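In the working numbering, the protein residues as written are -4 to 176.
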C-alpha cells in the first residue's frame, strides 16, 4: 500500500506511529486492488527524478552565472602586426550581434582587448559555453517531462474511452517510463 500526499504540514517524531498530517485529502491506494494503476509509482518516481534534475541544472546555471561575466556567441581572435621588424600579437573580442548584413553574412562587433583582459574574457566565454550546455540539458529534461505528462494524460483519455478494458496501455506506460530513466 502506498500513500501519496500533496504537502506535509509537520513530521511526526519517530516514536509516534501516527500518519503525517497533510493539507487537503491524502490519497491511499492499494495497488493490488487496482492492477491498471501499477505504473503510477514508477511514473511518480520518474516525474520526481526529472523535476529534481531540472532543479539541479537550474541551480548549476545560477551558480555559474554568479561567478562573473558570461559571454555568449563570442570568441577571441588574435592578430599580429609587424612594427620595426618585430611581431606584436593583439587580441580582439568578436561577438555576433544577431543581425545580418545585406549580403546575408552575420554582423560581428569587435572590441580590442588588453593582454590582462584576455584571461578574464576567456573565462567569461567558457562560462557562457557551460551555461549553454546546461540549458540544452535542461531543455531536454523539460521535453522528457512534457512527453511523460502527455502520455499519462493521453492514456487516461484512452482508458476512459475504452472503459478500462485494455491493459496493454499499462505495459506501454511502463516501457516509456523505463525508457526515460
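Where a beta carbon is used, it is the ideal one built from N, C-alpha and C, also for glycine.
These numbers come from a predicted model, not from an experiment.
Cβ-Cβ distance between residue 114 and residue 67 below 7 Å: Within the chain shown, numbered from 1, the residue matching residue 114 stands at position 119. Within the chain shown, numbered from 1, the residue matching residue 67 stands at position 72. For residue 114 and residue 67, no; Cβs fall outside 7 Å.
Residue range of the beta strand (DSSP E) that includes residue 94: In the chain shown, the residue the question calls residue 94 occupies position 99. Here the beta strand (DSSP E) through residue 94 covers 81 to 95.
Residue 72, DSSP secondary structure in three states: Position 77 of the chain shown holds residue 72. Assigned with DSSP and collapsed to three states, residue 72 falls in strand.
Sequence-distant residues of its chain with Cβ nearer than 6 Å to residue 106 (five each side left out): For the purposes of this step, residue 106 is identified with residue 111 of the chain shown, where counting begins at 1. Here the set comprises 88.
Nearest-angstrom Cβ-Cβ length linking residue 73 and residue 84, presumed shorter than 8 Å: By one-based count along the chain shown, residue 73 stands at place 78. By one-based count along the chain shown, residue 84 stands at place 89. Confirmed, Cβ separation roughly 6 Å.
Range covered by the beta strand (DSSP E) that runs through residue 103: Locating residue 103 in the chain shown gives position 108, where the first residue counts as 1. Per DSSP, residue 103 belongs to the beta strand (DSSP E) from 101 to 108.
Beta-carbon spacing of residue 133, residue 52 below 7 Å: Within the chain shown, numbered from 1, the residue matching residue 133 stands at position 138. Within the chain shown, numbered from 1, the residue matching residue 52 stands at position 57. The answer is yes: Cβ separation under 7 Å.
Near the ligand MG: residue 146 beta-carbon under 6 Å from a heavy atom: Looking for the ligand MG in the displayed structure turns up nothing, as the structure carries no ligands at all.
Continuous alpha helix (DSSP H) stretch holding residue 98: start and end: Within the chain shown, residue 98 is the residue found at index 103, counting from 1. Element bounds for residue 98: n/a, residue is neither H nor E.
Own chain residues within Cβ distance below 8 Å of residue 120, not counting five before or after: What you label residue 120 is simply residue 125 of the chain shown in a count that begins at 1. Taken in chain order, the residues that qualify are 66, 69, 70, 71.
Exposure label - residue 148; buried when at least 16 CB within 10 Å: To locate residue 148, count along the chain shown from 1; it is residue 153. Exposed is the call here.
Proximal residues to residue 55 (C-beta, below 7 Å), its chain only, five neighbours per side dropped: Along the chain shown, read from residue 1 onward, the residue named residue 55 stands at position 60. Excluding residues within five positions, the ones whose Cβ falls inside 7 Å are 129.
First and last residue of the uninterrupted alpha helix (DSSP H) at residue 66: As a position in the chain shown, residue 66 is number 71, starting the count at 1. Where residue 66 is concerned, there is no enclosing alpha helix (DSSP H), given that its DSSP letter is neither H nor E.
Cβ-based burial, residue 41 [other Cβ within 10 Å; buried from 16]: Translated into positions along the chain shown, residue 41 becomes position 46. With 16 or more other Cβ atoms within 10 Å, it is buried.
Inter-residue CB distance, residue 45 and residue 139 (contact presumed, cutoff 8 Å): Locating residue 45 in the chain shown gives position 50, counting from the first residue. Locating residue 139 in the chain shown gives position 144, counting from the first residue. The Cβ separation is near 6 Å, so the contact holds.
Integer Cβ distance of residue 104 from residue 96, believed to fall under 8 Å: Locating residue 104 in the chain shown gives position 109, counting from the first residue. Locating residue 96 in the chain shown gives position 101, counting from the first residue. Their Cβ separation, rounded to whole angstroms, is 13 Å, which puts residue 104 and residue 96 out of contact at 8 Å.
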